[in-house]
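Residue numbers for the sequence shown follow full-length UniProt numbering, beginning at 1 and rising by one.
No residue lacks a Cβ here, since even glycine has one placed at the ideal position from N, Cα and C.
As the structure is a computational prediction, the values presented were derived from the model and not from experiment.
Below is one structure, written out as structure tokens, with a few remarks after it.
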Amino acid sequence: MAAALVTSFPHAIPKPHHHLHAAHHAHLTAAATRPEAPSASSPNPANARLRRLIARDDLAEAARLVDRATSRGEAPDVYLCTKLIRNLCRRGRTSDAARVLRAAERSGTAVDVFAYNTLVAGYCRYGQLDAARRLIASMPVAPDAYTYTPIIRGLCDRGRVGEALSLLDDMLHRGCQPSVVTYTVLLEAVCKSTGFGQAMEVLDEMRAKGCTPNIVTYNVIINGMCREGRVDDAREFLNRLSSYGFQPDTVSYTTVLKGLCAAKRWEDVEELFAEMMEKNCMPNEVTFDMLVRFFCRGGMVERAIQVLEQMSGHGCAANTTLCNIVINTICKQGRVDDAFQFLNNMGSYGCSPDTISYTTVLKGLCRAERWEDAKELLKEMVRKNCPPNEVTFNTFICILCQKGLIEQATMLIEQMSEHGCEVNIVTYNALVNGFCVQGRVDSALELFYSMPCKPNTITYTTLLTGLCNAERLDAAAELLAEMLQKDCAPNVVTFNVLVSFFCQKGLMDEAIELVEQMMEHGCTPNLITYNTLLDGITKDCNSEEALELLHGLVSNGVSPDIVTYSSIIGVLSREDRVEEAIKMFHIVQDLGMRPKAVIYNKILLALCKRCNTDGAIDFFAYMVSNGCMPNELTYITLIEGLANEDFLKETRDLLRELCSRGVLNKNLLEEWRPKFSNQTVHLP
């Protein structure tokens, strides 16, 4: 069976999980461990000296001693040679280890499989897999499972799973029974490479060969199921472990909990976590860390804090990094006071705030524009021997500049040197942005040409944005030319700033030409580029050019989004190509996107302009049935459509009904009275 799987493994394989590393270590230790060989009845002075040199870690002299002893016809002790080979391999000196092995072979010493296994393991540790395979092929003694497992693992780590399976076949052909560790290594690699289904075939072969899986093996299978999103299957497998003679361990539960968290199935997470506790399977730091991170990612910060509080009761300690994740989540929710309180309580979780902790709260205070509190927190950092660094200052300065508070930012910059912090390009970029936000582009340019740091792409892009906002196109063009001349490569954001400016001004030829230049400079347009161009093109009601651009972006491997399709549907509707607009609308739905009211309204308006009120009402009903809430413009479009077809009584009744329900503003009734009197309504 393994041979049949050889051609099915094209993908790279990441490192095995930590629980497998422990098994691998035990496996390799066993490979080079056996009772000490020398006996008291045959003392050998060279062996005694060799033992002392190894104990002193003088490996170079120990290797020379083995070489001299064998040249004199003395047979060094194989146990000591194996120990020397192992120590040399641990330091990456595999060539010296190989010379020791060859010297032992020449001396006539009965070199056993333990010595060869030690060198094979050393080769594999440092990625010398070909050397390991050559050694196995030349071994005068029969290899065992400990010989093959390191190289199989090395092949799997490098994504060469097909070769690993071939080696398994070779192993079986030579009558060498793979161990549970050998199969487990392969199972994990197969799960990651070709999926859980293929891994189950390897598991069946493992059992058929008389090799009984252990809990680590089953945990690999559970992890494979979770990786493929088959969390219910993983949970069912977890419940069946007792029928295989094993109880789920901490790794088993943690793996399924992670799968449930990734699927945001929070009730199931709580249920399984409670089950884990009830069955006296204690969570470890990995379990708690994973739960806190996922709860924070889901915005469930109170639950994350509860998990943190449980850690000490289970002999686990929280760390500052984990607490910082909680602080960051609280700040993202705008609860800066709660974040500050948590910061002060970190000692109760067994850890102390670091610079990142304070900087995160500082950022939250700045976002809330609580400048005085932010300044006070800076002072507290110094008092508590946790001095601010460049990131702290730059965080504060960037937000001040975004708010246009240049003077306060400048005062803060002056404090940086007092704390041993360097004013760097990030700081200057913040100031340049601040000037541009204030509309002081000349001040930004003055700073740009006087700053001691070399400007980067962000500096130029920020200035270009400021110049475009000031409508100084000539200056922007000169700056872009200077940027290219100074080998500061513009990125997609840089070009998008200019493309957006040209499109806003209706300079579509210039915008398209700039995109062509963009590609000449090796910068690939992204979805924002194409959507910006589409927005400009569709404003000119050029549907053919818009459709051509849509085809171009798809052929370039860019996936359109709802904004892209909204522009296309809009221009088709405005050009009275309603059937094509509706067809495009259904393509959007088929792609799994949910059109919003703005897209429905474009088609409704086009139908009403055609005096196809029946079709508009049907499309309105379709809109509601799809769960899209109509807005004020939706109703006004329909009302004007009805009125335009002289359904004035129906229009008046509908308008009154919608106003009485509060759907539309009652002032609309007064605005429409003249229209009902004149009996004329004109659609926009």
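Limits of the unbroken alpha helix (DSSP H) element including residue i
i       : result
Thr-194 : Note, Thr-194: premise wrong, no alpha helix (DSSP H); not H, not E.
Glu-390 : 390-402
Thr-118 : 113-125
Lys-379 : 371-383
Asp-67  : 59-71
Ala-103 : 94-106
Tyr-428 : 425-437
Glu-418 : Where Glu-418 is concerned, there is no enclosing alpha helix (DSSP H), given that its DSSP letter is neither H nor E.
Met-584 : 578-590
Gly-627 : Premise fails: Gly-627 is in no alpha helix (DSSP H) and is neither H nor E.
Pro-213 : Where Pro-213 is concerned, there is no enclosing alpha helix (DSSP H), given that its DSSP letter is neither H nor E.
Met-171 : 161-173
Leu-658 : 648-660
Lys-83  : 78-90
Asp-338 : 336-344
Cys-366 : 355-367
Ala-75  : Element bounds for Ala-75: n/a, residue is neither H nor E.
Gly-570 : 562-574
Arg-610 : Segment: none, Arg-610 is in no alpha helix (DSSP H) and carries neither H nor E.
Thr-149 : 145-157
Val-663 : Run containing Val-663: none; DSSP gives neither H nor E here.
Whole-angstrom distance between residue j and residue i, CA atom to CA atom
i           : j       : result
Phe-295     : Leu-642 : 52 Å
Leu-473     : Leu-467 : 7 Å
His-24      : Thr-359 : Confidence at His-24 is low in this model, with a pLDDT of 45, below 50, so the placement of that residue should be treated as unreliable; the coordinate-derived value is given next. Cα to Cα, His-24 sits roughly 41 Å from Thr-359.
Lys-15      : Asp-157 : Unreliable positioning characterises Lys-15 in this predicted model, as indicated by a pLDDT of 36, which lies under 50. A coordinate reading is not provided.
Leu-241     : Glu-271 : 18 Å
Gly-224     : Phe-237 : 11 Å
Asp-249     : Glu-105 : 45 Å
residue 688 : Arg-235 : This structure does not reach residue 688, given that the chain is present from 1 up to 684, and the question cannot be answered.
Val-66      : Arg-72  : 10 Å
Ala-137     : Cys-124 : 15 Å
Phe-435     : Lys-649 : 58 Å
His-314     : Pro-283 : 7 Å
Tyr-349     : Ala-470 : 52 Å
Asp-112     : Val-78  : 8 Å
Arg-133     : Thr-255 : 34 Å
Glu-482     : Cys-398 : 26 Å
Asn-214     : Met-200 : 15 Å
Glu-510     : Asp-354 : 51 Å
Ser-95      : Tyr-116 : 14 Å
Leu-664     : Glu-544 : 37 Å
Glu-228     : Leu-167 : 27 Å
Ser-39      : Arg-49  : Its pLDDT being 42, under 50, Ser-39 is placed unreliably by the model, and the measurement read from it follows with that caveat. Whole-angstrom Cα-Cα distance: 15 Å.
Cys-453     : Tyr-428 : 8 Å
Val-588     : Ile-562 : 7 Å
Ala-31      : Lys-264 : At Ala-31, the pLDDT of 44 sits below 50, so the modelled position is not reliable; the number obtained from the coordinates is stated separately. Roughly 44 Å separates the two Cα atoms.
Leu-605     : Thr-637 : 6 Å
Phe-342     : Glu-302 : 11 Å
Given residue i as reference, the closest of the options once Cα atoms are compared
i       : options                               : result
Gln-504 : Pro-490, Asn-531 and Ala-208          : Asn-531
Lys-609 : Ala-476, Leu-400, Val-578 and Arg-661 : Val-578
Gly-570 : Arg-297, Tyr-349, Met-584 and Ser-559 : Met-584
Ala-317 : Thr-287, Thr-329, Val-624 and Gly-299 : Thr-287
Cys-81  : Asn-47, Asp-373 and Gly-259           : Asn-47
Arg-574 : Gln-589, Ile-537 and Arg-594          : Ile-537
Leu-308 : Gly-299, Cys-323 and Ser-450          : Cys-323
Leu-119 : Tyr-148, Ala-110, Thr-217 and Asn-219 : Tyr-148
Cys-211 : Ile-222, Ile-599, Cys-226 and Thr-182 : Thr-182
Gly-299 : Leu-365, Gln-306 and Thr-329          : Thr-329
Asn-44  : Thr-320, Glu-544 and Pro-76           : Pro-76
Ala-69  : Thr-94, Arg-86, Asn-87 and Arg-102    : Arg-102
Ala-546 : Ser-567, Gly-557, Asn-526 and Thr-529 : Ser-567
Asp-338 : Asp-58, Thr-524, Met-411 and Leu-365  : Leu-365
Cys-351 : Leu-186, Phe-502, Leu-572 and Thr-320 : Thr-320
Lys-332 : Phe-342, Lys-363, Lys-596 and Gln-310 : Lys-363
His-122 : Ile-151, Thr-109, Ala-110 and Gly-108 : The amino acid occupying residue 122 in the given sequence is Gly; His does not appear at that position. Per the Cα distances, Ile-151.
Gln-269 : Val-515, Asp-130 and Leu-257          : The amino acid at residue 269 is misidentified as Gln; the sequence shows Val. For Val-269, the nearest C-alpha among the options comes from Leu-257.
Short CB-CB distance (under 8 Å) between residue i and chain C
i       : result
Met-225 : Reference to chain C is not applicable here, since this structure consists of a single protein chain.
- Enumerate, from N- to C-terminal direction, the unbroken alpha helix (DSSP H) stretches of 4 or more residues contained entirely within the UniProt repeat "PPR" (456-490). 457-469 and 473-485
- Tell me the start and end of each unbroken alpha helix (DSSP H) in the region 482-555 that is at least 4 residues and wholly inside, in chain order. 492-504, 508-520, 527-539 and 543-555
- Message: As an exercise, report each continuous alpha helix (DSSP H) stretch of at least 4 residues that is fully enclosed by the region 238-323, in chain order.
- Response: 250-262, 266-278, 285-297 and 301-311
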